[in-house]
Amino acid sequence: MANLTALWASRNNLLRPGAGFAGVNRVGLMQALRHYGYDGLTILVSERRHYPLRKVAGVLEIGCLHLIQVPVDAAD
């Protein structure tokens, strides 16, 4: 639940309401992306990511194919 909440808050902050725009929660992801001129969103995750992040990406309409794994070493 913490992953969902954190990524939901980040998405909503990035695609927040502004002059003439109601925000992602009111208009949906596709219209929000068009409004801000983005092609899509990406979530960077550790190679050790938790499985639930795939579900979170789906719930937030970002898509699990947009989860990009970042290599980590023993110090991470």
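Per this note's numbering, the sequence shown starts with residue 1075, numbered consecutively.
Don't be surprised by glycine CBs; every beta carbon is placed ideally from N, CA and C.
Burial state of residue i, where buried means 16 or more other Cβ atoms lie within 10 Å
i	result
L1134	buried
R1085	buried
A1148	exposed
V1098	buried
Nearest neighbour of residue i, chosen from the options [CA to CA]
i	options	result
A1131	P1091, H1109, L1103, G1097	L1103
L1141	A1148, R1122, D1147	R1122
Q1143	Y1125, S1120, H1124, P1126	S1120
Assigned secondary structure, residue i (DSSP; H/G/I helix, E/B strand, else coil)
i	result
G1132	helix
L1115	coil
The ligand HEM heavy atom lying under 6 Å from the CB of residue i
i	result
H1124	Among the components modelled here there is no ligand, and therefore nothing to report on the ligand HEM.
Euclidean distance between Cα positions of residue i and residue j
i	j	result
A1080	H1109	23 Å
M1075	I1117	16 Å
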